[in-house]
Structures are given as structure tokens and as C-alpha cells.
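Residue numbers (UniProt numbering), protein chains in the order written: chain Z, 1 to 199; chain W, 1 to 222; chain V, 1 to 176; chain H, 1 to 273. Backbone N, C-alpha and C fix where the C-beta goes; we use that ideal spot for every residue, glycine too.
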Amino acid sequence: MVDRKRIYGPENTSLIITEKKQVSFTKRERPLDNIRPLYFDLGTIPQASGSAFIEAGSMKIICAVYGPKQISKNQGVLNCDFKFAPFSRLERRGYAKDEQEKDFSLVLEQALTPAIQLENLPKSKLDLYVTVLESDGTFASLAGAITCASLALANAGIAMYDLVTGCSAGFIDNVSGLDLTEDEEYMAEGNLLTNKALL
Amino acid sequence: MRPDQRTNTSVRTMGSGLGYLSRADGSAKFQFGKSSVLCAVNGPMAVKQRDELMDKAYISVSFTPLVGKGTTLDRLYERILEKIATLVIIDALHPRTMIRISFQVLADDGSILTTAVNAMMLALLDAGVPLNSTFAGVTTMVHTDGRLLLDPTVIELEEAQSVHNFVFDAISGNCIATNSTGVYTKEEFDGSYELASLACQSIHGFFKAAVKHKIEKEQGKE
Amino acid sequence: MKVIPGQVLSAADKFKAGEGTFEKDGFIYSSLLGAKEIQDNNTIAVTTQVLAVPFVGSVVIGKVSKITSKHAIVQIIMVNNKKSLNYTGTILKKDIRKTNVDQLEIYKCYRPGDVVRCLVTSIGDGKNFVLSTAGDKFGVVLAVSVSGYTMVPVAWDQMVCPHTGNIEFRKCAKPE
Amino acid sequence: MEVDLEYEKTTALDAETFKKIQPKEYLRRFLQQDTRPDGRAVSESRQINFNADPISKCVGSATVKSGNSMVICGIKAEITTPDPLYPKQGYFIPNLDLPAMCNPRFKPGPPQQLTQSLSEQINQLFEKCNIFNKEQLAIENGEVCWILYADIVCLNYDGSVMDIALLALFSALKSLTLPLVEYIDGQVKQVDGYRKLEIDRVISSTTFCIFDDKLLLDPTDDEELEGSILTVFVDHEGLFCGINTFDGHLSKDKLDECLLSAQQRATKLIKLI
Chain Z
1 MVDRKRIYGP ENTSLIITEK KQVSFTKRER PLDNIRPLYF DLGTIPQASG
51 SAFIEAGSMK IICAVYGPKQ ISKNQGVLNC DFKFAPFSRL ERRGYAKDEQ
101 EKDFSLVLEQ ALTPAIQLEN LPKSKLDLYV TVLESDGTFA SLAGAITCAS
151 LALANAGIAM YDLVTGCSAG FIDNVSGLDL TEDEEYMAEG NLLTNKALL
Chain W
1 MRPDQRTNTS VRTMGSGLGY LSRADGSAKF QFGKSSVLCA VNGPMAVKQR
51 DELMDKAYIS VSFTPLVGKG TTLDRLYERI LEKIATLVII DALHPRTMIR
101 ISFQVLADDG SILTTAVNAM MLALLDAGVP LNSTFAGVTT MVHTDGRLLL
151 DPTVIELEEA QSVHNFVFDA ISGNCIATNS TGVYTKEEFD GSYELASLAC
201 QSIHGFFKAA VKHKIEKEQG KE
Chain V
1 MKVIPGQVLS AADKFKAGEG TFEKDGFIYS SLLGAKEIQD NNTIAVTTQV
51 LAVPFVGSVV IGKVSKITSK HAIVQIIMVN NKKSLNYTGT ILKKDIRKTN
101 VDQLEIYKCY RPGDVVRCLV TSIGDGKNFV LSTAGDKFGV VLAVSVSGYT
151 MVPVAWDQMV CPHTGNIEFR KCAKPE
Chain H
1 MEVDLEYEKT TALDAETFKK IQPKEYLRRF LQQDTRPDGR AVSESRQINF
51 NADPISKCVG SATVKSGNSM VICGIKAEIT TPDPLYPKQG YFIPNLDLPA
101 MCNPRFKPGP PQQLTQSLSE QINQLFEKCN IFNKEQLAIE NGEVCWILYA
151 DIVCLNYDGS VMDIALLALF SALKSLTLPL VEYIDGQVKQ VDGYRKLEID
201 RVISSTTFCI FDDKLLLDPT DDEELEGSIL TVFVDHEGLF CGINTFDGHL
251 SKDKLDECLL SAQQRATKLI KLI
């Protein structure tokens, strides 16, 4: 289906063939129980109520919080919207949200809602938008998105019980490691995502 | 001489019909030769609560091309027409209402944007919407061989170096909207501007005659 | 001192939990990203720039957007002198002033575009907060006359246009 | 009529509230003092910052920031079959996205009219202005060609987004490196080495806001909302590539002033790329 609301080209496009690299944990540069070094920035999007930017290795995630806005429900609500930028992965992706992004939006909402003091936000909703500018590992992106989103909420001055952080893990050949990159995830037999608030 | 025996600085034969649609509050068809656009104006009427504006009328414009639902180009046209309508209609007189302007392209033989602009002018007059001025639009193009042509057709547009759409205000003579594409020099733009400005005056004379004709016809009936 | 949400600020027996903090299992935690402050020697609070949310008892400033014969709709702009995002409230006819409510007519109190100061009396059942302007402090603080000039109050229920001298009816707030 | 002059002082609202209630009057009072709400002069533009190649997964990318406005452009290269009408050419698909993230006015969902018309304006530049020869994107005549997707995502919308979108797009195009490929037995295989695209024309745009007969250069979002917008496209040789204004009331003198000022700014902007 051609999206006529954008500039469009032919429907069938593909990547040139490149061979997938064989990766194992033995070649990994950082220790198995280490995550990539992180860089944070708060207030990246001045138009928003709160925003944060996070960079880990080549992974870049930006998040903005808008609100509180009025809704008719008496209790506060958090809306999450998770999106990969069209150029964030190896293959270009469309603008329409796919199943995976919808799923990740839900995970984000479930991870963050318990940490927010929603009783202090009567008749209000918070809109949270996460865009992955460059991804290096799908699960690592989601974990980064959770961390980034909770920083943006703190930056917006939303009362929270705690900051929420996320981290991914996976195992290759029955050896488990933290914070897998895209190549490692491709090889991994299983992936796991955890998020944690301190309380 | 151009393929249709016109001089470089003349527009095609203009045609118009006011009150074309019986169910719309105002409607008009405008033709530049074979290019033809029908415009209907409805309102001021009830507005959805979501779109309601407290201090002025909400103006909604929809532009439907000859075939299909339209592409981003049609949305660009829609935006241009909406901006012109918002500028010209005295919207503060009808707060918390909606004025809907719909366009349907009937035949496309080039210069379709300015044909639509002129159709909108006539339809707004026909609907009796309060306006703070009148306007007229015309397209010019610079041919790859350097000739400056007024009101180009589809065949001529294929050899265009640059295309310029102008809308002029009839009272102040100022330009209220331009949309130009292609590569051109300042001199070419100035030439187009002068030519379009003169052409708009004559188109405006045509509007006057069309409206006068309609009024006379109505009064004759009574 | 800068603190982050979830950071332990103190044991609960030494201080009281103030604004921007919460108490759990005998400790006081911060709930905001901001600066730690000790107020009145016994309360611990965290302050930061927050977009305000209206609560019962908040004083709000808003712009009248719509009037009907039963109520006026107000777009809230400021809550307790803090910037807020777009909330709307309703002033019911009975809440416009304290006395003589039966005889008042809304269009003689407010017009769309007036800036009013009101009190939030209830969160309300529907979409809007319930506001009240009963009391001297509350009512129109800024209004523009028919001819487009900012008017000046001359009585509690009248304002005058400095340009034309015309008198228009408004329920004015008493200048502070 | 006796007027209580003290009244205005006592009910005086602070600047933030005044701006929300009467945005036009707020801007007008600044302009009476020949300055703008953010402290700039009327014909002063914002500082522009570049960041080349931020996205390693793209063949070319760039981030551009001007004041609070910020866009990121990433170009992806894929392969497809060429258009039968132009078998020697590849495709170039530019798109501008204004997601709900970049401004509270935008709603999530399909692109709004503003987004679509901005995308179309960029597309028209590439269709009508011979920016680069699309035959450079050919791989095998009539069989297979490159398709370049240039996606410009606005991260923060604070006015004059067209200006920085074009800067980001052209600086991404300049840094673009296409992998060398060979076409064997119906398959495209990558070989060692990279090549660059030859760009024949570099275009920059300058946005003006017309407010009360004043021309504000490089307007912010708040200024754009109060006035009407004029965008002038100028290429590296000083030729014009488009003038767009949809609701301005401009005399010819004012228009000429804009065109001249846009030409001067274009030379400065194109040097940056």
C-alpha cells in the first residue's frame, strides 16, 4: 500500500547482499557483565515539558514528555509512543508504526506507570514520545528507551517514586552477557529485558 | 506564436459560471481554456467542537484532483488556498462557525493552482461571505529558450525552466501569494511579476463582468 | 543540594515530609529532580520548576472562552502564579458571586476574551474543573471593550472604556 | 472621565501570562523597541551548529541546530528496479517528518497538511532544479538501480525548519558515500571501495516572517504563528529556486528587500555546508 501522504517511490526495495558477521562472546571487547558506556543529556528538546537524550556506543535515543494535559478521566494517565526513526536500523523502515513498536510502547507504559505519582495529576495525561535515532540491538534500544524516558519525566518535574532503569541481556551458546549489540542479538538464542526501580 | 495561436502575454479564454451547485451556499466554475475547476463554499455553519475557534470562523479547505485522492502536491495546493482564504475572509465576524471551501478539478490543462484561486474568488462572492478585498491569480513560466509565457498549458509546461504562480490583491495591488519552482534569475522573476500583475487586473475586470451578469440575470427574473 | 527521584533525604523521625517528597518505611525520599531545602527547621522539601496542575483550593487565572446562559468556560493559564498547560474550567451561574445569584445574567458578568481570577472548588465529574468567582478577590482582572481598548473598573460590577467612555458590565476582581 | 491610573500597575500581569493572553500585542511591544522576544535584532538570524555523520548506519547523515530548532537527516541506500520511463536513472525520495515529539501543536498519527506541504516543497526542488544527475544512481540499465531515501526528522520545531532541513539534507548529500557494487547473474554484490555523488546545485532557503510590515529574519515558532511566512530558495550561484508565500501582503519593494537579503544569507549558509 503506497502512502500518498508522503513522497513515495517504488514499492519493492531491498538491501544489497552482505554477509552477516559471525559473532560470539569470545570476541567481545567489553566484559560479559558490563554495559556500554553511557552519555546523558537533559532538556534536549526545549519545546517539551521535559526531555532527555541518551547515547550508548552507537545507540542514540531521544525522548520528550508533553503535558500534563487535560482529559476527562479523574486519575492521571501516561501515554507512551515508541518509534524507530526511518534510518535507525540497517533496513529503512516506514513511518507507520508496526507491531513491534506498538508492543514496545506498551512495555514502556507498563514499566513507567508504577513509578509515577499519578494521584498528584488529577484529570491529566502525560504524553511520552521516544524516538530511536540509531539502534544497536533491538532489546538494548528498548532498555535504553526506558532509562531515557524516566530521565525525561524527571526533567519535566513529574513527581515519581523512583527513577526506572532498563537493561537487556542474552545468551549465545549457553553463555549469558549483558547489553547485547545488534550483531550479538542476531546470534543470540534468547534475549531478556529487565527494568528496575530501586524501591 | 504559441501552439494555440496566442501571443506570449495573453491568457487563454476565460469562462465562468456562478451558482453552479444548487445545494451549496455559493459555487462557481472557472476556466482558463481547457483547465477548469469547480469550487463550492458552504457556511458559516455549525462546527465540530474539536475545530471550534472562540474568536473567529474555522476555515476548512479540501482540494480534490481529477483522479484519485490526491498526493502531497494537492496538500500543498490546499495549504496555499487555505492561507489565501484565511487572509481574505473577515473570519472575526463569524466566531465559532465553520466555512468550508471545496475544490474539484474538472479538467487539467496546466495552471491549475491559479484556476482554483480564481474559482475560489467567484465562489466566495457568490456565497456572500464577508471579504476584506478581492484577488485574482495567474501563472507565468519561463521557457528553456528564455521566452516569458503567460498562462501556460500542459504541453508548454513540459519545457519550462521555471514556473511562477502569483495571486494579487485587487485593492492594494500587492502580491498576496507566490509559489514558484525551477531555477531563475531576479530579472526573470521581475518580468513575471510585472506580467502577472497586469494580467490579474484584466482577470479582475472579467470577475466584475461575471458578477454583474449574474446580478442582472437575477434581477431580470424578479 | 541537587537530588534525584527516589533518593533518601532523611530519616522520617527527624523531619516532616514537605513538597516534592514522600515518606516510606521510616525514610523520606525525594520525588522530584531538584534542589533539597529545609523549611521552618523541621520540614524537608524538594523544589523545582514544575508545570502546575490545578487542585481544589488553587487560585487560577484564565481567559473566558465561551458563555452560555448557565455557565462560562474558562481556559486556565496560571495556577497559583505558576505556568500551567491548557486546562479548562467551568464557572456555574451560582458560583459567579455570593449574593443575589438569582437575578444575575452571565453576559453582564463575563464576556469571551476576559481574563478572570478564580478559585478551584472541585475537580468535577465531567471534563472540566469547577471554578468559582464568589468573593472580592475574584472576577475580571483584564477586559477589552467593544472598541478594543483595555477597560478600567469603576465599581464592583462596572468597567469603563478609557477611549469612548462607555460603561460595560463586568464582575470585577478587587485590585490587590 | 476620571481613570484610575494605579489600576494598570496593580493588575499588571507578568510577561509570561501576557504572552499567553495577547501574543500579538506581546510581540508588537518588543518590535516597537526594535528587538525581538529572544533578544535578537529584527534582521538577525540564529547561530547554526552542524554535526556531520551522527548516524553510522546511514550512507550519509547530518544534524543541524539553529537556536532551539533541530533536525536530523539520514540517507539510506537500497536497490530496486528503475522506472521503465527512465531506465538509466535511480530514485531520490526526500521526506520531512514533523513528529508529535517536536512541538506540542503536532498530533501523533499520519502527517498533517503542514508536513505534507513542506515535504512537497523539498521534492519540487529535486524535481525541477537539477540538483544532481540521477544517472549516477544507475547500477544496470533497466534492471537495477539505487534508491536513496532521505528522511529528515525534526527533533525540535522552533520555526524556520525549512532552512535547517535543507542545510541538513545537503550536508548529508555531500558526505554521502555509496558502496561500489557489481551486478552478476541478477544479483547485486558489494565490492571494496566507495564513491561520492556529484552535486551540481546546492540550495539553501531563508524564512522571513511578515508582521505589521516588519520583516523578521529566521522567525521562531511563536513569531511564525503571529505573522505570515515567506520562504526564499537560493542556490550557490545566487539564482533563485523558489519563492513561497501564501498569505503575505507584500509590496514589490518589500519583496525585493527579502530577495536581496535571502541572496546574501544564502552565500553565508552554503559556505557552512
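- Look at the segment 137–156 of chain W: it has no residue with a C-beta under 8 angstroms from a C-beta of chain H.
- A distance below 7 angstroms between beta-carbons, with the five flanking residues on each side excluded, links T21(V) to the following residues of its chain, in chain order: L9, I28, Y29, S30, S31, I44, A45, V46.
- Residue-level contact check: C175(W) touches chain H, since one or more beta carbons of chain H fall below 8 angstroms from its beta carbon.
- Sixteen is the threshold: since fewer than 16 other Cβ atoms of the shown chains lie within 10 Å of the Cβ of N100(V), the residue is exposed.
- Against chain V, the beta carbon of M54(W) has neighbours under 7 angstroms at S65, K66, P112, listed in chain order.
- Taking 8 angstroms as the cut-off, the beta carbon of T134(W) is found closer than this to the beta carbon of A170(W).
- Listed in chain order, the non-local C-beta contacts of D53(H) below 8 angstroms within the same chain comprise G60, S61, A62, S175, local neighbours out to five positions each way being set aside.
- With a cutoff of 8 angstroms on beta-carbon distance, V64(V) and G113(V) are scored as near each other.
- With a 10 Å radius around the Cβ and a threshold of 16 neighbouring Cβ atoms, M162(H) comes out buried.
- In the DSSP assignment, I79(H) falls within the beta strand (DSSP E) that extends over 69–80.
- Inclusion of G159(H) and P219(H) in the CB contact set at 8 angstroms is warranted, their separation being smaller than that value.
- Think of a sphere of 8 angstroms around the beta carbon of F129(V): the chain Z residues whose beta carbon falls inside it are K123, in chain order.
- In this structure, E91(Z) lies near L15(Z), with their beta-carbon atoms less than 8 angstroms apart.
- Short of 8 angstroms from the beta carbon of N166(V), and not among the five residues preceding or following it, lie these beta carbons of its own chain, in chain order: S145, V146, S147, V160.
- The secondary-structure analysis by DSSP pairs L216(H) across a beta bridge with C209(H).
- In the three-state reduction of the DSSP assignment, F170(H) falls in the helix class.
- Just measuring C-alpha positions, the residue of E78(W), G70(W), S62(W), P95(W) sitting nearest Q49(W) is P95(W).
- Listed in chain order, the positions of the segment 57–89 of chain W with a beta carbon within less than 7 angstroms of a beta carbon of chain H are T72, L73, R75, L76, E78, R79, I80, K83, I84, T86, L87.
- In this structure, DSSP gives V161(H) a helical state, which the three-state scheme calls helix.
- Identification of chain V residues near I21(H) by a Cβ-Cβ cut-off of 8 angstroms yields K63, I77, V115, L142, ordered along the chain.
- At the C-beta level, I155(W) and V37(W) stay beyond 8 angstroms of one another.
- Annotation: the continuous beta strand (DSSP E) that includes P94(H) extends over 91–97.
- Nearest in C-alpha terms to V164(Z), of all of K73(Z), S150(Z), T138(Z), T113(Z), is S150(Z).
- Residues are counted here when their Cβ sits less than 7 angstroms from a Cβ of chain Z; for the segment 35–54 of chain V these are T48, Q49, V50, L51, V53, given in chain order.
- Of all residues in the segment 21–51 of chain Z, only S49 place a beta-carbon less than 7 angstroms from a beta-carbon of chain V.
- Nearest CB-CB separation between H236(H) and chain W: not below the 8 angstroms threshold.
- Check the Cα spacing between P122(Z) and each of P54(V), K137(V), S58(V): the tightest is with P54(V).
- Each of C109(V), S84(V), L85(V) was checked against the Cα of K94(V), and the nearest Cα belongs to C109(V).
- Take E188(W), set aside five residues on each side of it, and the residues of its chain with a beta-carbon closer than 6 angstroms to its own are V142, in chain order.
- Listed along chain Z, the residues sitting closer than 7 angstroms to T80(H) by beta-carbon distance are P10, N12, T13.
- Y186(Z) sits in a helix when the DSSP states are folded into three classes.
- Per DSSP, C258(H) is not a residue of any beta strand (DSSP E); the alpha helix (DSSP H) it occupies stretches across 252–272.
- Within the segment 66–89 of chain Z, the residues whose Cβ lies closer than 7 angstroms to some Cβ of chain V are G67, P68, K69, Q70, S72, N74, listed in chain order.
- Judged by beta-carbon spacing, S171(H) lies beyond the 8 angstroms limit of I21(H), meaning their Cβ atoms are not closer than that value.
- In this structure, DSSP gives L76(W) a helical state, which the three-state scheme calls helix.
- Along the segment 187–203 of chain W, the positions whose C-beta sits under 8 angstroms from a C-beta of chain H are F189, Y193, read in chain order.
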